[in-house]
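The structure appears below as structure tokens.
2 protein chains.
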Amino acid sequence: MGRSITASRVRSTGDRPRIEDVAALAGTTAITVSRALHRPEKVAAETRRKVLEAVAALGYIPNLAASALASRRSRILALVVPTIANSVFADTVHGFSDAVTAAGLQLLLGQGTYAPETEHRLLTALVGRRPDAIAVIGIVRRTETRELLRRAGVPIAEIWDLTATPIDLVVGFSNRAAGHAMTRFLVGRGRRHIAFVGGDDDRAAARRDGYAAALGESGLAPGGADIRVADISYGAGRRALRALLEAAPAVDAAFFATDVLAVGALLECREMGIAVPGRIAIAGLGDLEIARELSPALTTVRVPSYDIGRRAAELLLARIAGDAVASAVTDLGFEIIARESA
Amino acid sequence: MGRSITASRVRSTGDRPRIEDVAALAGTTAITVSRALHRPEKVAAETRRKVLEAVAALGYIPNLAASALASRRSRILALVVPTIANSVFADTVHGFSDAVTAAGLQLLLGQGTYAPETEHRLLTALVGRRPDAIAVIGIVRRTETRELLRRAGVPIAEIWDLTATPIDLVVGFSNRAAGHAMTRFLVGRGRRHIAFVGGDDDRAAARRDGYAAALGESGLAPGGADIRVADISYGAGRRALRALLEAAPAVDAAFFATDVLAVGALLECREMGIAVPGRIAIAGLGDLEIARELSPALTTVRVPSYDIGRRAAELLLARIAGDAVASAVTDLGFEIIARESA
DNA sequence: CTGAAAGCGCTTACAG
DNA sequence: CTGAAAGCGCTTACAG
Chain A
1 MGRSITASRV RSTGDRPRIE DVAALAGTTA ITVSRALHRP EKVAAETRRK
51 VLEAVAALGY IPNLAASALA SRRSRILALV VPTIANSVFA DTVHGFSDAV
101 TAAGLQLLLG QGTYAPETEH RLLTALVGRR PDAIAVIGIV RRTETRELLR
151 RAGVPIAEIW DLTATPIDLV VGFSNRAAGH AMTRFLVGRG RRHIAFVGGD
201 DDRAAARRDG YAAALGESGL APGGADIRVA DISYGAGRRA LRALLEAAPA
251 VDAAFFATDV LAVGALLECR EMGIAVPGRI AIAGLGDLEI ARELSPALTT
301 VRVPSYDIGR RAAELLLARI AGDAVASAVT DLGFEIIARE SA
Chain B
1 MGRSITASRV RSTGDRPRIE DVAALAGTTA ITVSRALHRP EKVAAETRRK
51 VLEAVAALGY IPNLAASALA SRRSRILALV VPTIANSVFA DTVHGFSDAV
101 TAAGLQLLLG QGTYAPETEH RLLTALVGRR PDAIAVIGIV RRTETRELLR
151 RAGVPIAEIW DLTATPIDLV VGFSNRAAGH AMTRFLVGRG RRHIAFVGGD
201 DDRAAARRDG YAAALGESGL APGGADIRVA DISYGAGRRA LRALLEAAPA
251 VDAAFFATDV LAVGALLECR EMGIAVPGRI AIAGLGDLEI ARELSPALTT
301 VRVPSYDIGR RAAELLLARI AGDAVASAVT DLGFEIIARE SA
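What follows is the structure, encoded as structure tokens:
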């Protein structure tokens, strides 16, 4: 009754009905309301009907914060991305969101982890919300951050690359193998002076490693200056192509870490009257829609952006449900898409 | 002590330290720990030091679900988008996320509201989480859904369009005025047979209205068949352009509801050898980066995608803080970007 | 099939 | 500057 005193004192416009209010209207108790909502088969049909009627009459929406606290299940999945303003990551968020929504859970989105310090801070904040599982784009490198995630005591998925030593699960494809495969492809097309252009994030670095390894196997040297871009944009791709041609006139192929850069390069070639693939072959990675719409159409690596998100969420949900997950490592693969530009 | 019995019985690996554990280690009480963390200036320096030491030693991360329940502030902002796989909306999410993170709150993302029924279901679920504020892309039409949001008792922002009767706040630009302005621009360029191509969502409809009004003012009739696209993609833009030319051979300008469609049309024209803007002028809306990189560069409407998200979050945060918000309507405007295609 | 009791882990007044 | 008491709104065993 301390409760009802408080209620009459505090409640006002904007306050929402609680489970007790529903119970009172339905002529039952809170626990039965909770059951009618979550395990309807355990409640008599008539009771259930009355409860649902009361719920509708009051516009009752259960407080999920209270629910989370009591049940120790938040029904939240957290996803951390470097940036959402990158269409491949947006596709991953889309896939993740679709699976989360289908399962009736909710998505907490953290953004801004191109810097390792912000990654740790962001994840600490997310862990505070006690999500039922956490996915993060990239392999988590800092020991401190790995420990933080392990201690969270929930399923964890590192996504968008592979590693033999995930914190828990890893879902993605081998960026190194993708870099390797595209480089071999270019070698197979007769190219001998192949350059790589990309940023400095981990995934670009892995692609670059694969590129270097493939060149080594073929007995080739890098075909150009080591061009690094600071941002991923069409303009950056254009500038990188010009810089490359200037620094390494003999270059006959440019492999870009992402399609956005490659598309920029393609546009620059067209404007400068540089024949593609005659003078130089251009290849990308990502298989954006624009890649196949340009002419020459872009030769690229198709990567499973949407599926990475979707599958990661599904595996995490399976873990939460207590199902065994076959393997800690899920390799979704990639595919070389040979078009006209290389 | 019921507490400690439970504790010794239940706690195990994966359990996390609670505020009580921190208090015990620091030689103080939970309430002081809470204060040391949230209002450090109200705690003696020495006490604060001990608390922070204990927090670090235990790796304590406050449970935000408990915090939310007790304080009635979740520190969550919810954002609902039709789809995230659309770069203009991704930019809005980006801006929203940046502002939310800067304020130390978290972002709950709901996706999939091109259908009104899913919008209601999604919002109901989000309201259950008791976010401190809610933003939704689009003007909420259903009375039932508007009522749901009003009853949530928190600041609400409808974003990406304007209305004189928002539920609470509205942040965006006039899609109708943008459609109107671009149409007038095309008329000013001497075009007399102007077609509009877009989808069926509310924003496209508003742009189409503006287009129709501008034509009427100029004494012109629609310059083509009423072409509706089912999806927003470069391919859809290509197909729409072909359909338009076939259905309305006299057309001399095509205004696309979004840049993605316009870019597709531009690519199609290039491949079909149709002169732009000689034979037909092409205009879009969105000002994607690709729009200015193509040649001919795309004439378009620049819209404040990122700023809509950022400003909406900032206004909502101001409301939460109890600050007065100057106006319920925030018009961020748009800008006609005249390039080569029209 | 239904309910009484206890507790989830915090914070909010209220005192001192 | 610090603490005892109560409560936020649910769910989890445990009984019957």
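These protein sequences, in sequence, are chains A and B. Mapping to this note's numbering: the first sequence position 62 is 62, numbers consecutive. Mapping to this note's numbering: the second sequence position 131 is 131, numbers consecutive. Where a beta carbon is used, it is the ideal one built from N, C-alpha and C, also for glycine. Computed from a predicted structure; not experimentally measured.
{"Query": "On the three-state DSSP scale, how would you describe B:V43?", "Result": "coil"}
{"Query": "Check whether the Cβ of A:A7 lies closer than 9 angstroms to any Cβ atom in chain B.", "Result": "With a pLDDT of 34 at A:A7, under the threshold of 50, the predicted position of this residue should be treated as unreliable, though the coordinate-derived value follows. False, the Cβ-Cβ gap to chain B never drops below 9 angstroms."}
{"Query": "For the segment 113-132 of chain A, which residues have a CB atom closer than 8 angstroms to at least one CB atom of chain B, in sequence order?", "Result": "L122, T124, A125, L126, V127, G128, R129 and R130"}
{"Query": "Could you tell me which of B:K50, B:A230, B:A328 and B:A321 sits nearest to B:L105, measuring between CA atoms?", "Result": "B:A321"}
{"Query": "Following the continuous beta strand (DSSP E) through A:R176, name the residue where it begins and the one where it ends.", "Result": "Taken as a continuous stretch (DSSP letters only), A:R176 belongs to no beta strand (DSSP E), being part of the alpha helix (DSSP H) at N175 to G188."}
{"Query": "With a 10 Å radius around its C-beta and 16 neighbouring C-beta atoms as the bar for buried, classify B:M182 as buried or exposed.", "Result": "buried"}
{"Query": "Considering Cα atoms alone, identify which of B:D168, B:D161, B:A205 and B:T163 is closest to B:G153.", "Result": "B:D168"}
{"Query": "Does the Cβ-Cβ distance between A:G138 and A:A313 come in under 9 angstroms?", "Result": "no"}
{"Query": "Identify every residue that forms a DSSP beta bridge with A:D331.", "Result": "A:G172"}
{"Query": "Could you confirm whether any beta carbon from chain A is found closer than 9 angstroms to the beta carbon of B:R239?", "Result": "no"}
{"Query": "Are three or more beta carbon pairs between the segment 114-132 of chain A and the segment 39-50 of chain B nearer than 8 angstroms?", "Result": "no"}
{"Query": "Quick test of the definition: if touching needs 3 or more C-beta pairs under 8 angstroms, does the segment 61-72 of chain B touch the segment 282-297 of chain B?", "Result": "no"}
{"Query": "Give me the Cβ distance between B:R310 and B:D98, rounded to the nearest whole Å; I'm assuming they're in contact under 8 angstroms.", "Result": "6 angstroms"}
{"Query": "Can you give me the C-alpha to C-alpha distance between B:L215 and B:A225, rounded to a whole angstrom?", "Result": "15 angstroms"}
{"Query": "Can you check whether the C-beta of A:G153 is within less than 9 angstroms of a C-beta belonging to chain B?", "Result": "yes"}
{"Query": "In the segment 283-303 of chain A, which residues sit with their C-beta less than 8 angstroms from some C-beta in chain B, listed in chain order?", "Result": "E289, I290, E293, L294 and S295"}
{"Query": "Give the straight-line distance between the Cα atoms of A:A23 and B:S67, rounded to the nearest whole angstrom.", "Result": "26 angstroms"}
{"Query": "Output, in sequence order along the chain, the residues in the segment 35-68 of chain A whose CB is closer than 7 angstroms to any CB in chain B.", "Result": "G59, I61, P62, N63, L64, A65, A66 and A68"}
{"Query": "Considering just the uninterrupted stretch of the beta strand (DSSP E) at B:E158, what are its terminal residues?", "Result": "I156 to I159"}
{"Query": "Closer than 9 angstroms, CB to CB, is A:L108 near chain B or not?", "Result": "yes"}
{"Query": "Over what stretch of residues does the alpha helix (DSSP H) that includes A:T143 continue unbroken?", "Result": "T143 to R151"}
{"Query": "Within the 9 angstroms Cβ cut-off, does B:S97 reach chain A?", "Result": "yes"}
{"Query": "For B:A291 versus B:A254, is the C-beta distance shorter than 9 angstroms?", "Result": "no"}
{"Query": "Count the other CB atoms within 10 Å of the CB of A:S341; is the residue buried (16 or more) or exposed (fewer)?", "Result": "buried"}
{"Query": "Out of A:G333, A:A177, A:I76 and A:A125, which has the shortest C-alpha to C-alpha gap to A:I308?", "Result": "A:G333"}
{"Query": "Please name the residue, chosen from B:S218, B:I76, B:V88 and B:V170, that lies closest to B:H180 on a Cα-to-Cα basis.", "Result": "B:S218"}
{"Query": "Under the rule that 16 or more other beta-carbon atoms within 10 Å means buried, what is A:P249, buried or exposed?", "Result": "exposed"}
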